Ligand code: AMP
């Protein structure tokens with residue numbers, strides 16, 4: 199897509215610190231890392247959302263995220279990592295070309311990526327049913 203920043207990176211039109219590249223996928227450093235080594239994994243083909251992306255590409259992205267995470271830990275740049283996807287504005291997605299974040303984590307980084315609520319009586323069953331009913 200002509201005005202997509204990640205398409206431009208994939209096509210070499212704007213620079214990035216590339217970690218891995220093949221015919222279908224690219225991994226490069228996030229410009230504003232959570233920790234040094236924070237890497238984005240994208241398919242070269244443009245899809246806005248994770249939910250739009252064909253399963254075959256999701257599998258390839260996921261395998262590449264795993265490969266990057268392994269290398270991050272082996273490099274000594276991280277003690278662990280968090281891999282995640284934002285799908286939609288409500289989740290914090292700001293670049294509308296599907297991507298996995300592979301974020302280096304360390305025992306001392308004090309990052310708390312999500313809160314931990316408690317369910318009220320009966321609420322978990324109701325929520326589980328609502329989701330189950332929409333599985334296809
Ligand atoms: P998200 O909130 O999941 O859409 O994340 C988009 C990510 O892309 C953010 O973490 C940005 O820091 C990162 N980003 C935006 N522009 C660039 C760029 N030109 N090069 C590398 N990373 C970028």
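Residue numbers (our numbering): 199 to 334. From the three backbone atoms N, C-alpha and C, an ideal C-beta is built for every residue, glycine too. What you are looking at is a predicted structure, and each value in this text was computed from that prediction instead of being measured.
(1) Measuring from the CB of residue 225, is there a heavy atom of the ligand AMP at a distance below 6 Å?
(2) Taking C-alpha atoms, which residue in 262, 330, 331, 209 lies nearest to residue 282?
(3) Would you report the Cα separation of residue 229 and residue 319, rounded to the nearest angstrom?
(4) Mark residue 333 as exposed unless 16 or more other C-beta atoms lie within 10 angstroms of its C-beta, in which case mark it buried.
(5) Between which residues of its own chain and residue 247 is the CB-CB distance below 7 Å, once the five residues before and five after are set aside?
(6) Say yes only if the C-beta of residue 210 is nearer than 6 Å to one or more non-hydrogen atoms of the ligand HEM, and no if none qualify.
(7) Assuming residue 223 and residue 240 form a contact by the criterion Cβ under 8 Å, report the distance between their Cβ atoms to the nearest whole angstrom.
(8) Any idea what DSSP makes of residue 283, helix, strand or coil?
(9) Specify the secondary structure class of residue 199 as computed by DSSP and reduced to three states.
(10) Should the segment 265-279 be regarded as contacting the segment 323-333, the criterion being three or more beta carbon pairs within less than 8 Å?
(11) Look at residue 226 and residue 233 and say whether their C-beta atoms are less than 7 Å apart.
Concretely, from the data shown:
(1) As a position in the chain shown, residue 225 is number 27, starting the count at 1. No, the ligand AMP has no heavy atom inside 6 Å of this Cβ.
(2) Here residue 282 refers to the residue found at position 84 of the chain shown. Ranking 262, 330, 331, 209 by Cα distance to residue 282 puts 262 first.
(3) Residue numbering aside, residue 229 sits at position 31 when the chain shown is read from its first letter. Residue numbering aside, residue 319 sits at position 121 when the chain shown is read from its first letter. So the two alpha carbons sit approximately 44 Å from each other.
(4) For the purposes of this step, residue 333 is taken as the residue at position 135 of the chain shown. Looking at its Cβ environment, which holds fewer than 16 other Cβ atoms inside 10 Å, residue 333 is exposed.
(5) On the chain shown, position 49 is the one that residue 247 refers to. If we look at residue 247 and ignore the five residues flanking it on each side, its Cβ neighbours are 285, 286, 296.
(6) What this structure holds is the ligand AMP, not the ligand HEM.
(7) Counting from one through the chain shown, the residue named residue 223 turns up at place 25. Counting from one through the chain shown, the residue named residue 240 turns up at place 42. Rounded, the Cβ-Cβ distance is 7 Å, consistent with contact.
(8) Within the chain shown, residue 283 is the residue found at index 85, counting from 1. Under the three-state reduction of DSSP, residue 283 is assigned to coil, being neither helix nor strand.
(9) For the purposes of this step, residue 199 is identified with residue 1 of the chain shown, where counting begins at 1. Three-state result, residue 199: coil.
(10) no
(11) Indexing the chain shown from 1 puts residue 226 at position 28. Indexing the chain shown from 1 puts residue 233 at position 35. No. Outside cutoff.
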